[in-house]
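Reading through the structure tokens given below for one structure.
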Amino acid sequence: MTSNRAVDIVVSLALLAFAALLGYDNWRTGISWDATGPQPGYFPFYLALILAGACVYGTVKEILARKEPSETFVTREQFARVLQVFLPTLAFCLLTQWLGLYVASFLLVAGFMAWVGRIAWWKSLVTGLVFAVLMFVTFEIAFDVIMPKGPVEALFGH
Amino acid sequence: MEAFSLLLYGFGVLLTWKTLALMMVGLVLGIFVGVLPGLGGPNGVAILLPLTFTMDPTSAIVMLSCIYWGALFGGAITSILFNIPGEAWSVATTFDGYPMAQQGRAAEALTAAFTSSFIGSLVAVLLITFLAPGIASFALRFGPPEFFAVYLLTFCSFVGLGREEKHKTIISMTLGLLLAGVGMDTVSGQLRMVFGWSELYRGINFLVAVIGLFGISEILLTMEERLALRGHAAAISLRVVLKVWKEMPRYWMTLLRSSAIGCWLGITPGGAIAASFMGYNLAKRFSDDKESFGKGRIEGVFAPETAAHASGTAALLPMLALGIPGSGTAAILLGGLMVWGLNPGPLLFVEHKNFVWGLIASMYLGNLVGLVLVLTTVPVFAAVLRVPFAAIAPMIVVSCAIGAYAIQNAMFDIWLMLLFGVVGYVFKKIGIPLAPFTLALVLGSRAEDAFRLSMIGAGGDLRVFWSNGLVGTITTLALVLLFWPLISAGWDRLRPKLT
């Protein structure tokens, strides 16, 4: 059980680090003025400074307010449900790289419906298949939008 | 009268079978997107944008804007029948809409919502028709300093007028501006903030970020809350429609007030959310019977819906005339313009008359057709909500991935989308607003270019932003808005001493 405040502080600190990184990179690129005007790093460098400032302000504010109660960021039960959708999405992205988007989407839809939704296997498989084919026809054939494809599509000559 | 003839010309562009068909497709897709939990206007437009890449710009914008109108209509269906606002701006509609559905008056509430949406949009479109060309031709005289001042005004008004904590708005905005700068610098051609990572050379695409921030994160949030959908069935009969329409003129003042609020908040980046609440609250304040609000009063549906739609539509005015989007969805449409090779801004009215007037004409026609469509097909779309979320969620994820990949044919973008999904989820939970981020990401490089061009022109003298009356006024106004919370707090403290 983490509180909203704890997450708030962690995010602020992470963004502060990010601002420092970007600020450093822009400083290296050049933040001063030359004959043509400001150097490429000038504008983003000052933005990084403002971001850092806002993060410091946020962190200090939350630390000072730590005695006041804060909402729970996420309960264990909620987090489990978020993972139920996040992990399959992650797997889907990985599979897209190897199997192509359409096969991966068939597996995602069918698998998600059957496991997470506890819907009958045959319904899940049919829905997944219909959806994947429909997407293929819409994008690949009707609208000429090319998606990553894998071995299965190659079998059909695509 | 010039606007009128140009509008007729726009209808001429529009009235081909192909465009009309695309319009219908857009509206149906849009209503669908608006009805589904975990999707909505900006997400729907962002995800479906890739469909339009191979179209000509006019067909593309007509279809996309119709998706948007459809989503606006669709949002009302879920608010009234299921008490689930499909969009933040539909929240106020649930106050009286859902009680009406509980009392068995769902059809009335829906008719009221759709009709008032139509009226709100209509007022805003009229405003666009007659105001936008003037603003655009005025803006043709703008140079880089003026443009930078206008961008500054947009950013500052977000900070000063937004209801979120100020530092969080600033975090969101600077982060967006920074990420907009990743990749090749447009002025010097130098690489920035890429850390030797070749995938970052082409920059962080705005649409990829939007799909992740809104689409994926919304799925995570919906799943977390575990929506149990329990809704009321509804079919709208002609009798009910006529009854509501007969009642409507009595509320002309509410409609007018809400339209005005909506238009104003749409043009300034206050947004549809603020507009819907303000419309509702003002209707309540001016009503003789305040007690009946929240218990199923039809005026409580008219007021927020009119304001939300007027605002959602009016947000397109600054986008068309100045190239500055007034809302998240307008920002995405702006991203679309760039993909189709159009340069948003005042020149659009001169160089791409077809496009601009076709779009404006499609706003009239799209809203009218949309109204008829939703009135007749509500039961079909309400049935969509009975499809289990476990089937819809993975399909939305796939659509998001397709959208993200199609933009630049890069697998990296799918990963980026996932990353932004997680970021969006965390940001929403701790109250960092996403709209300023979106706006900053889409306007970032244009704002920076304007700044640097002004600086080059002025030899590095910051006084260029006060060099004439126009730019000086805008810059000063921007600073006033930025510090508005401090100014108004100071005034409140000072006033008792003065009197």
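Going down the list, the sequences are from chains A and B. Under my numbering, the first residue of the first sequence is numbered 369, with each subsequent residue one higher. Under my numbering, the first residue of the second sequence is numbered 310, with each subsequent residue one higher. For every residue, glycine included, the Cβ atom is placed at its ideal position computed from N, Cα and C. Values in this document were obtained by computation on a predicted structure and should not be read as measured data.
- Around A/ILE487, the beta-carbon contacts reaching into chain B at under 8 Å are PRO697, ALA699, ALA700.
- Under the three-state reduction of DSSP, B/VAL707 is assigned to helix.
- For A/PRO516, the chain B residues whose Cβ falls inside 7 Å of its Cβ are TYR714, MET720, in order along the chain.
- The three-state secondary structure of B/GLY605, taken from DSSP, is coil.
- For A/THR440, the enclosing beta strand (DSSP E) has its first and last residue at 440-442.
- Counting C-beta pairs closer than 8 Å gives fewer than three between the stretch 639-646 of chain B and the stretch 507-520 of chain A, which falls short of the contact rule.
- Pairing B/GLY490 with B/PHE602, the inter-Cα distance amounts to about 48 Å.
- By the rule that beta-carbons nearer than 9 Å mark a contact, B/GLU757 touches chain A.
- Short of 8 Å from the beta carbon of B/ALA759, and not among the five residues preceding or following it, lie these beta carbons of its own chain, in chain order: PRO453, PRO454, PHE456, PHE457, TYR460.
- According to the DSSP secondary-structure assignment, A/LYS517 is paired through a beta bridge with A/GLY468.
- With fewer than 16 other CB atoms across the displayed protein chains lying within 10 angstroms of its CB, A/LEU458 is exposed.
- Between B/ALA710 and B/ILE723, the gap from beta carbon to beta carbon is short of 9 Å.
- Shown here, A/THR370 sits in a strand according to DSSP, grouped into three states.
- When Cβ-Cβ separations below 9 Å define contact, A/PRO412 makes contact with chain B.
- Taken through DSSP and simplified to helix, strand or coil, B/LEU651 comes out as coil.
- In terms of CA proximity to A/THR397, B/SER497 leads the group B/GLY343, B/SER497, B/THR424.
- Judged by beta-carbon spacing, B/GLY654 lies within the 9 Å limit of B/LEU631, meaning their Cβ atoms are closer than that value.
- Counting the other Cβ atoms within 10 Å of the Cβ of B/GLN412 gives fewer than 16, which makes it exposed.
- Relative to B/ALA584, the option among B/TRP398, B/GLY321, B/LEU771, B/ALA798 whose CA is nearest is B/TRP398.
- A direct Cα-to-Cα measurement between B/ASN676 and B/PHE423 gives close to 10 Å.
- Taken atom to atom, the span from the alpha-carbon of A/GLY479 to that of B/ILE705 is near 15 Å.
- Excluding five sequence positions before and after B/ILE739, none of the CB atoms of its chain fall closer than 7 Å to its own CB.
- Take the alpha-carbon of B/MET562 and the one of B/GLU608: they are about 11 Å apart.
- By the Cβ neighbour-count rule, A/GLU439 is exposed, with fewer than 16 other Cβ atoms within 10 Å of its own.
- The distance from the Cβ of B/LEU381 to that of B/HIS618 is about 6 Å, consistent with a contact at the 8 Å cut-off.
- Across the stretch 728-752 of chain B, CB contacts with chain A closer than 7 Å involve VAL735, LYS738, ILE739, in sequence order along the chain.
- The DSSP-derived three-state label of B/MET502 is coil.
- Listed in chain order, the alpha helix (DSSP H) runs fully inside the stretch 609-633 of chain B are 625-631, counting runs of at least 4 residues.
- Rounded to the nearest whole angstrom, the C-alpha separation of A/VAL501 and A/TYR470 is 8 Å.
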